[in-house]
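Asks: Note that our numbering has the sequence shown beginning at 3, numbered continuously upward. Positions of the beta carbon are idealized from the N, C-alpha and C atoms, including for glycine. Bear in mind the structure is a predicted one, so any value in this text is a computation, not a measurement.
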Amino acid sequence: MEDPTTTAMNLTYAGTLVIGVVMFVGVAAAFVITLLLAGLGRLIATLGMALFGRRAGAPAFQKPATKISPKLKPARKEPQISPEWAAAVERADARARARAEAAAAPEVTVSVRELPAAGHPERKAS
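Structure representation (structure tokens):
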């Protein structure tokens, strides 16, 4: 015969699994019931609106359309930049160009004639 402690542990484990499965099925059933109730409510609301003359998506009330006369429309004007502002922007651009030129690495050009011969660093190529 098996050890009674092992039997008790197996029964406890099996009971825990059964409780977990029952809880999962319960939550799944509650979710399905919630979806069914929501769908039924929407169906009833759609049928009620169809029976009483209001279609889904139509506004509940309609405002009278008003036309704006061309005289009342504001005129669009192009933005104007003041000369002082344009001069300040130009000065800032010049400073930025000068900083970029100062920070740029100098261009390095090396001629092949200036390099030492391969394998003989002390000999100069002629």
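Could you give the DSSP three-state label for Ala-100: helix, strand or coil?
Replies: Helix, per DSSP.
Asks: What first and last residue would you give for the alpha helix (DSSP H) that runs through Val-23?
Replies: 6 to 53 is the span of the alpha helix (DSSP H), which, as asked, contains Val-23.
Asks: Pick helix, strand or coil for Glu-86, following the three-state DSSP scheme.
Replies: It is helical.
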